[in-house]
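Taking it in order: structure first as C-alpha cells, then the write-up.
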Amino acid sequence: RPDSPPLKIKSRVTTDWDINDTIVPRISDTEFDEFCEWADGHCRLVYPVIIDDARRHSSGWAMRNTNNHNVNILKKSCLGVLLCSARCRLPNGDRIHLRPAICDKARRKQQGKPCPNRACNGRLEILPCRGHCGYPVTHFWRHTEYAIFFQAKGVHDHPRPEAKGCSETRRSLGVGRRIRGLASLLAQEAALNSK
Numbered sequence: 049r050p051d052s053p054p055l056k057i058k059s060r061v062t063t064d065w066d067i068n069d070t071i072v073p074r075i076s077d078t079e080f081d082e083f084c085e086w087a088d089g090h091c092r093l094v095y096p097v098i099i100d101d102a103r104r105h106s107s108g109w110a111m112r113n114t115n116n117h118n119v120n121i122l123k124k125s126c127l128g129v130l131l132c133s134a135r136c137r138l139p140n141g142d143r144i145h146l147r148p149a150i151c152d153k154a155r156r157k158q159q160g161k162p163c164p165n166r167a168c169n170g171r172l173e174i175l176p177c178r179g180h181c182g183y184p185v186t187h188f189w190r191h192t193e194y195a196i197f198f199q200a201k202g203v204h205d206h207p208r209p210e211a212k213g214c215s216e217t218r219r220s221l222g223v224g225r226r227i228r229g230l231a232s233l234l235a236q237e238a239a240l241n242s243k
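Position one of the sequence shown corresponds to residue 49 (our numbering), numbered consecutively onward.
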C-alpha cells in the first residue's frame, strides 16, 4: 500500500460523461485537463489530441492492454509492482519497487530473480494490483477527432513502480546481472519520483 492516500484528481470538465456513453460531450478548449501520469482513484479526464502522452496512453503505473468488447475504447489493466521478498531497504531508506514486464512470459521470468540490491539476498516477487473490487485497476481511453477521454476505475493498493525510463536504463545495462551501483541508481530515481 502506498504511504499516502491518492490525491483527489479533479477534472476541469463540468459536463457529466462516461467512457461508455454512445456520444461523449464536446469539450471547450478551456476545460481540457493537464496530463496526469499517476492517475489513481476513480477519475475522468479529457485531454486535447495534441498531447503526446495521452495519444500514447502513457501511465506511470505498469499497465497492459486488456480485451475490451468495444473497439472504440482501449482498456488497460494494472500489473502491480515487483518487490523484494526480504522487504530490504536501499541506503536512502526507500524500498525496491520495480516495474513488471508487460509480456506474461517476461514477467514470469522476473519473479524469483535476485534482488538488485547487492546487500540483500531476497528474491523479486510480484505484488498484483487488486484495487478495483479485488481486480486490477483499469484505465480506459477513447479518442474523438477533438479530444482524448480517459477514465480510471479503482485505487491502486500497492506502491508506485519505478519510472519507465529507469527500468529501460537497467535493461540496457543487462537484464539479470547484479550491476554495481544499481541500488544507488534506484535510490536516485526514487528521490526524483518523490519530488
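All C-beta atoms in this analysis are idealised placements derived from N, C-alpha and C, irrespective of residue type, glycine included.
Residue closest to residue i, alpha-carbon to alpha-carbon, out of the options
i	options	result
D152	L122, D77 and R112	R112
R92	P207, E193, L131 and T186	T186
C84	V94, I75 and S76	V94
N165	L138, T63, N120 and E173	L138
L172	D101, R156, P73 and I196	R156
R74	A134, L175 and F197	F197
P96	E193, P209, H204 and R208	E193
I98	D88, C163 and D81	D81
I121	T78, D66, H90 and D101	D66
S106	G89, C126 and Y183	C126
I150	E79, T78, I174 and A87	I174
P148	N140, G141 and Q158	Q158
V61	D101, E79 and D142	E79
A134	H204, P162, P207 and V119	P162
A195	R103, T70 and D64	R103
W86	D77, V72, D101 and S76	D101
G170	A154, L131, D205 and L146	L131
P207	N115, H90, S76 and L146	L146
F9	I71, T70 and K123	Outside the displayed range of the chain (49 to 243) lies residue 9, so it cannot be described from this structure.
Nearest-angstrom beta carbon gap, residue j and residue i [assumed within contact, 8 Å]
i	j	result
A200	G108	Not a contact, Cβ separation roughly 12 Å.
G213	G179	Incorrect: roughly 24 Å between the Cβ atoms, too far for contact.
C136	C168	4 Å
A110	P209	5 Å
With 16 other Cβ atoms within 10 Å as the buried cut-off, status of residue i
i	result
V129	buried
N68	exposed
C181	exposed
R190	buried
I144	buried
K58	exposed
H117	exposed
D88	buried
I227	With a pLDDT of 45 at I227, under the threshold of 50, the modelled position of this residue cannot be trusted; read the value that follows with caution. Under this definition I227 is an exposed residue.
Beta-bridge pairing of residue i - partner residues as DSSP gives them
i	result
Q199	R92 and F188
P162	R171
L146	L130
Y183	H180
R208	DSSP lists no partner for R208.
R137	R143
Original post:
In the stretch 51–135, which residue ranges form an unbroken beta strand (DSSP E) of at least 3 residues, counting only runs that do not cross its ends?
Top reply: Runs of the beta strand (DSSP E) lying entirely within the stretch 51–135, each at least 3 residues long, are 91–95, 111–114, 121–126 and 129–132 in chain order.
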